[in-house]
Every structure is written in C-alpha cells, then in structure tokens.
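Below is one structure, written out as structure tokens, with a few remarks after it.
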Amino acid sequence: MKLTTFLLALNIFAQSCKNQEQKLPILKLPNEGVLKIIDSLQLDLDSLTIPNSENIYLIDTFVYICNVDANLITKININTNQITNTIFNCQRFGKRQEFSAIWIQKEKIFAVQNKFKKGFVFKSNGILIDSFLLAKTEDNNLRKIITDNPLVSTIQPLLIKDSIVHSLGFALMEGNYHMNDARFVLCASNIKEKIFYVNYPKSYDGKNWGGTYLRMVYGTTVGDSLMAISFPATSQLAVFNVLTNSTRYINCFPNIDSVVAPVGTMNDLDKKQIDIARHFFKQYSFHAIIFDKYRNVYYRILYKPIPTKNENSIGNLAKQILVYDTTFKYLGFTQIDGSLYSNSIYLVHPKGLLIQKLKDTKNEEHINFDLFALDSITSRKLQAKR
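With positions in the sequence shown counted from 1, the corresponding number in the numbering used here is that position plus 15.
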C-alpha cells in the first residue's frame, strides 16, 4: 500500500514537472531572418595583439584592439591587414601606468586608471597630452550602491562631450527599498564633480535581481549627444540626452517583463552565485544594443532561455538579434548560436554588422568575423522612409 501511494505521488510529481516544462514561456517573434550572413572577415594578428579583448572598435576602415594589461592598442587596416601598434608613453610619471579602461576616438585616446582615480588623454600615436584626477562620489549612500569606476567595452561605450565623460555602471544593494530612486546607471564626470543620471525602470523597484546578472546595463552612442541604454530584465530602453541631461524611457517589442522573474524575495539575498547564474540562464534577458549609423537602425540582443533538459548549464545561450528603426519600431529578428559568436563584439561596418566568431579566440594568429546585412525587403522599406 505504501509503495503504491509512493508511486502515485511520484507519478503526480513527474506529471507536474512535465506540465511546468510545457508552460515555460516562449516568445513568438514575427518576421524572422531580416539579417543574413553575406561575407566573412579574417584579420591577421601579431604577437602583441590579443584576439579576446572586450575593447574592439571599428572606425572608418580600421579595427582597433585594446590590451589594457599591456597599455597597448593595435590598429589594423581591414583592407590591407597592415598592423600598427601604439604603446602609451607615460615616461613623465617615472613608471608604468596600469590602465583599467581605454576608449578610442578618431584623434585622441582616453584612458582611466581606477587605482588612483586618474584620467589620461593621448594623441593617436600614444603621446600623452594631459592627465587629471577624476572626481570622487561625495554622497556616502551612493558610494554604497553605485560602481564608482566606469565600465568601458565595445558594448559599454563612453560618450565624451565638452570635457564631460559619460560612462555606464550599475547599482546593487538589493535590500534597500529607500534607494530605488538612487540606483543610477550613468555617470557624468569631469575634474570637479560626478553627477549621476538614468535610473532603472520602475519594474526593477522592490525586487531582488541577484546583482550584476540582471542589473548590468549596456549602451550605444547615437551621434555625439544621445546614449541608448539596454536593461536585461525589461523591454524598456532609456535614451539619455547629454545636451539637456534628460532621459526618456521607451517600451520596445517584445514585452519580456511578464516572463522575467527576480532571483527571489528579499529574504533570498544570500543566494549562492551559482544559483543566481542558473536562474539567469533559464529565462529571457536583453543584452547589448548597437546603433547602426549607416542604415539608421538599432540592433538589440535578446538571450533565450536554456532548454529545460539543460537547465543546469551556464552560458552559450541562443541569441536573437532584434532590429528596430530610429523610432524603435520593431522590424524583425535573426537567431544566432551563442556558442559560435561573441557576446560583446559587434562592429558597425558600411556593409552591415560584423560579429566576432568565437571558434578562433584561442588562436592568437587571427581574429574572425561574420558580416550580417539587412535583407533587401527591409532595406527598401528603410530607404523609402528617408
């Protein structure tokens, strides 16, 4: 009798698990295949250049690869594969400077040294132009929840305007309800002061998001005055105007808010990192956003949940590249394999979007990209709007 009862209970439990698996939310997106692979690009590297940098930029016909550990930038002509290395010259300080972030503009290079809160400006040839102390965050409460150091990568750019550096960050301290209105993700800093802007959307308030997995933000610059910011746990985007210091929030398709769950309640603040990671990879989340100045479109990366059969796996999520016009009207998507492509290196090229391929990141002799372009129908629709 006991065995029969146990087997019946086990069957009910198994059926319940099966039903839960069937009820896992799946977002059905229209208009698949708006991006097609039309070409590939392979660049040769020298012994000083690393292929797995998270700071890679494309400016005109040059790919720039940053190596903060070596204070080095490699410049590669994508047409001729000619390589030029720039090593930063800081001899006036008497010793080597250890940079934590590097940002490239056409004529200048900006570098940050987090240890001593210093900023440096170099000419494109590596000659130091200026150095200055970065302002510190004076508010003790803000210092507790907001990262004080700028995040700088291909998908977390700086926007420098009138000697003010606008950088992205994130805010933590999940349990402090009274800090909801002070969880800023953008910092405007100069020599004198730091001012914080852009809060998380209201859907983040009062919930335990488990730290950086669902609080890390990503951005893209639009010209020299706008930065669009993508939040992982909501469909909303923020667009910040550096000229007016104003923010507007935009609801984008698809709405993932109803299918993205917090890590737990405020009683679960001490959850193990591995459990938080598994929670993150089992559901949808938004990631990078990229503005394409040649076609006037945005690309936003949407991570898909790991299948239930692989629920203990971490990483290599399937990714959907969602495409929007400049009003953030949804145009369509293309799905790519997360195990084949980088999560962070997306370069806007005159012919399309270059995405770094992962298969050769351990091969230090080359760096490889696939070139994705909009299909002809979408391209014609965009051209007709101009």
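Note that beta-carbon positions come from the ideal geometry of N, C-alpha and C, so glycine has one too.
Just so you know, these numbers come straight off a predicted model, no measurement behind them.
Where residue i falls: helix, strand or coil (DSSP)
i: residue 232; result: coil
i: residue 276; result: coil
i: residue 349; result: strand
i: residue 195; result: helix
i: residue 248; result: coil
i: residue 89; result: strand
i: residue 394; result: helix
i: residue 151; result: coil
i: residue 219; result: helix
i: residue 289; result: helix
i: residue 366; result: coil
i: residue 169; result: coil
i: residue 227; result: helix
i: residue 180; result: strand
i: residue 37; result: Residue placement at residue 37 is poorly supported in this model, since its pLDDT is 41, which falls under 50; the coordinates still yield a value, given next. Correct three-state label for residue 37: helix.
Beta-carbon proximity of residue i to residue j, cut-off 7 Å
i: residue 56; j: residue 384; result: yes
i: residue 144; j: residue 151; result: no
i: residue 184; j: residue 167; result: no
i: residue 243; j: residue 304; result: yes
i: residue 296; j: residue 336; result: no
i: residue 50; j: residue 387; result: yes
i: residue 264; j: residue 245; result: no
i: residue 278; j: residue 289; result: no
i: residue 334; j: residue 321; result: no
i: residue 127; j: residue 165; result: yes
Counterpart residues of residue i in DSSP-defined beta bridges
i: residue 126; result: 117 and 135
i: residue 315; result: 304 and 337
i: residue 473; result: The structure shown does not extend to residue 473, since the chain spans only 16 to 401, so no value can be given for it.
i: residue 371; result: 384
i: residue 310; result: Residue 310 is not bridged to any residue.
Cβ-based neighbour list, residue i, same chain, cut-off 8 Å, excluding 5 preceding and 5 following
i: residue 140; result: 101
i: residue 270; result: 250
Same chain, Cβ closer than 6 Å to residue i, neighbours up to 5 away in sequence not counted
i: residue 169; result: 71, 359 and 360
i: residue 119; result: 72 and 79
i: residue 81; result: 68, 70, 88 and 117
CA nearest to the CA of residue i, picked from the options
i: residue 202; options: 172, 229, 273 and 94; result: 172
i: residue 85; options: 76, 93, 116 and 210; result: 116
i: residue 58; options: 400, 369 and 399; result: 369
i: residue 113; options: 223, 87, 395 and 216; result: 87
i: residue 308; options: 258, 365, 292 and 320; result: 365
i: residue 122; options: 128, 74 and 315; result: 74
i: residue 44; options: 218, 342, 319 and 237; result: 319
Own chain partners of residue i with C-beta closer than 7 Å, once the 5 adjacent residues on each side are dropped
i: residue 210; result: 203
i: residue 275; result: 248, 298, 299 and 300
i: residue 76; result: 92, 93 and 94
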